[in-house]
């Protein structure tokens, strides 16, 4: 302002007389002196705007719901969602619903996607990227497994407990009542269910009873078929062995009826496949697989100084022609020779190092080594000789104990009680001072099968009554030790685990039924010398290979809960979880507005410039 006053040009006007000013009224002269100048006003206003901006003026405001919603979407990707109703599967309908929900997300909303089948996992973290969410849902595919919605809901709740404005949607063909998650109340977990029909027939089991001492044609398979619908169904069963049909049969199943059929004509090893054709809605449970093991003689090394045991094993060798026994004395044993055999029997003897072979150890406690051995400490822990043996219990489920319905009166003169290693299970227990103490155990150690007996098999004559039961046990043990015998591969289910019972190799390659090739570094993925494969997501044959070995296994879908596709509840249901308190959504905020006043500065400068030049032309400046 001072700059304006003192810097203003003075106009000099020459007059002939001062008389006119004398006759003017004083107030008139005074008003002319203090006349308001528009340029002065504009320039003052400009300065005031700049000062106002530097002062950063603001207005206080309270903002409610400043953040968007956090939405968790749990998608049931189990086998039952593959049921076809109309032109779409239940999963197709769930996918369409999920895409619609993504499209309706607000600008500030975020969504997480959880896929739930045999296990539940986050397939997309919280994001507002709709393109990413759409791709996640589009790429999601149902698996040939059961579902674990409990885990999926629990996982979603764990992410939403501390989230602001949390919501969860579960897309499934199950009802909310099937969830075993406690602490749920009605409210913000919404179930959107799919499925209206129930017609389904399934193969619920395929079992092959294979004895290494029987020929292929002496073996039998049994297939069980169940109708889960209320109406009767006509079913055509076809059974294939290595892709060649060996059986066809048509059968009628009443509503909710189950039938089991025997399958004969098994004339070779390979893959057995049972398939049914009927007008049901779910295809994944219409096929089942089993492996028929190759019949090969098992080459056994007997290390013993006892010829009586050799003679008893010779009886088995001559009658079955399925085993070949080579007998050597304990002093002749060499670690390097073991690689030429499929299994070994060590009688009153144990090697100083692990022989890396399936083996039966018979009373190894009677042998004393002069050399320290870590393997001895593992195999022979605490033991005690019992002269009075009364069998208390025996494991009827282990393959080594099959067909042994009664052992309580077995005449065993003496036996060693033992403490089984952690990797094993007891087979036979006796009463020892009011305690039950094992005298036999079996298990896996470093990828090999091991059985240890605390009593002497050579005390029994296999042709007599007590010896007959020992003969059965010996045959069971030999069959279990057979490396060509599959380890319940026909019992593997989708969603389960396959344990590689081989010595560790550099790498493992697995080809899935979808011809997907999976490669693993065994040294990185193995646990306790065993590689475990847990990505069994589809039914069919899996081929596994590595350095110096090739193997295969099959996986089946036998899940009554999934095959029973009748809708539990049609419609929407709501549950509730404990979420973050609502007051956290209210926030005081300072809204600065000085920056908006700066927008007036260019306009004021323009007006000031125009006015100045106008006065300049008029000669009034």
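In our numbering, the protein residues as written are 1 to 621.
Beta carbons: idealized from backbone N, C-alpha and C, even for Gly.
Rounded to whole angstroms, the separation of the alpha carbons of residue 513 and residue 91 is 21 angstroms. The residues 199, 200 and 201, in chain order, have a CB closer than 6 angstroms to that of residue 280 in the same chain once the five nearest residues on each side in sequence are set aside. In summary, residue 394 is buried, with 16 or more beta-carbon neighbours lying within 10 Å of its beta-carbon over all protein chains present. Within the DSSP bridge table, the entry for residue 88 names 85 as partners. Runs of alpha helix (DSSP H) with 4 or more residues, each lying fully within the region 373-425, are found at 374-379, listed in chain order. Residues 494, 496 and 555 of the same chain have their beta carbon placed closer than 6 angstroms to that of residue 536, with the five preceding and five following residues left out of the count. With a threshold of 16 other beta carbon atoms within 10 Å, residue 517 falls short and is exposed.
Within a 10 Å sphere around the beta-carbon of residue 609 sit fewer than 16 other beta-carbons, which makes this residue exposed.
The closest CA to that of residue 360, considering only 207, 299, 452 and 189, is found on 452.
Counting only runs of 4 or more residues that sit fully inside the region 191-250, no alpha helix (DSSP H) segment turns up.
In this structure, residue 402 places its C-beta atom within 9 angstroms of the C-beta atom of residue 396. With respect to the C-alpha of residue 163, the residue from 114, 72, 170 and 145 having the closest C-alpha is 72.
By the C-beta criterion, the region 214-223 is judged not to be in contact with the region 298-316, since fewer than 3 inter-stretch pairs fall below 8 angstroms.
In the three-state reduction of the DSSP assignment, residue 494 falls in the coil class. Under the DSSP definition of a beta bridge, residue 290 partners with 272. Secondary structure at residue 150: helix, using DSSP grouped into helix, strand and coil. Between residue 346 and residue 385, the C-beta gap is not smaller than 9 angstroms, which leaves the two residues out of contact. A residue is called buried once 16 or more other Cβ atoms fall within 10 Å of its Cβ, and residue 470 is buried on that count. Shown here, residue 42 sits in a helix according to DSSP, grouped into three states.
Around the C-beta of residue 484, fewer than 16 other C-beta atoms lie within 10 Å, and the residue is accordingly described as exposed. Distance from the CA atom of residue 116 to the CA atom of residue 426, rounded to whole angstroms, is 38 angstroms.
Taking a cut-off of 8 angstroms for Cβ pairs, the region 208-216 and the region 242-251 do not touch, as fewer than three such pairs fall below it. In this structure, the beta-carbon distance from residue 88 to residue 566 does not fall below 9 angstroms. Per the DSSP secondary-structure output, residue 459 pairs with nothing in a beta bridge. The three-state secondary structure of residue 281, taken from DSSP, is coil. Per the coordinates, the alpha-carbon of residue 438 lies some 29 angstroms from the alpha-carbon of residue 315. Per DSSP, residue 443 lies in no alpha helix (DSSP H); the unbroken beta strand (DSSP E) holding it starts and ends at 435-445. For residue 249, the closest alpha carbon among the candidates 255, 423 and 237 is that of 237. Cβ neighbours of residue 142 within its own chain (closer than 6 angstroms, five residues either side excluded): 77, 81, 82 and 91. Residue 550 places its beta carbon 9 angstroms or farther from that of residue 358. Judged by DSSP secondary structure, residue 320 falls within the alpha helix (DSSP H) whose first and last residues are 307-320.
Under a 10 Å Cβ-count criterion, residue 353 is classified as exposed, with fewer than 16 other Cβ atoms of the shown protein chains found around its own Cβ. For the set 173, 175, 50 and 270, the Cα lying nearest the Cα of residue 208 is the one of 270. Residue 161 carries a coil assignment under DSSP once its states are collapsed to helix, strand and coil.
Contact between residue 94 and residue 75 holds: CB atoms are separated by about 6 angstroms, below the 8 angstroms threshold. The distance from the Cβ of residue 559 to that of residue 176 is about 21 angstroms, inconsistent with a contact at the 8 angstroms cut-off.
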